[in-house]
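The next block holds one structure in the form of structure tokens; read it before the comments.
Numbering (this note's numbering), first residue to last: 276 to 399.
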């Protein structure tokens, strides 16, 4: 039996200039509460879920950018509902729902409330 390799990613952090605004944005588009905690000098809003996860983070050294690494958020079966909540929540869709391939599903790209370039992924 072949050994299963670990995920290439095990944690991500999304920089926030305005922590409360960022937590509100992601809570609204994902329709899920982020668990907010202070860890040292950092404000952190944790995404729910098992396996690979992450947090919205504000603090020294965390600067939002549309030019760096892009994180794809898992939207389950269909990203359409999450995509439709982005602009009302204060973000901007920069690539609409687009098929990658029939096997790999769909993606969309947006700028979040903080100026980070992010993406969504779903199978349909």
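Glycine included, C-beta positions come from ideal geometry on N, C-alpha and C.
Have a look at residue i and residue j and give me their C-alpha separation to the nearest angstrom.
| i | j | result |
| --- | --- | --- |
| residue 307 | residue 279 | 30 angstroms |
| residue 378 | residue 398 | 8 angstroms |
| residue 376 | residue 325 | 27 angstroms |
| residue 315 | residue 284 | 24 angstroms |
Going by C-alpha distance, which of the options is nearest residue i?
| i | options | result |
| --- | --- | --- |
| residue 327 | 347, 338, 371, 353 | 347 |
| residue 396 | 389, 370, 390 | 370 |
| residue 387 | 316, 305, 317, 310 | 305 |
| residue 296 | 365, 374, 323, 394 | 365 |
| residue 289 | 329, 394, 399 | 329 |
| residue 303 | 359, 391, 381, 286 | 359 |
If residue i and residue j are in contact, beta carbons under 8 angstroms, what's the gap, nearest whole angstrom?
| i | j | result |
| --- | --- | --- |
| residue 292 | residue 389 | 5 angstroms |
**Within the stretch 302-386, ranges of the alpha helix (DSSP H) (whole runs, at least 4 residues)** = 355-361
**Request:** Decide if the stretch 349-360 is in contact with the stretch 307-318; the criterion is three or more beta carbon pairs, one per stretch, under 8 angstroms apart.
**Result:** no
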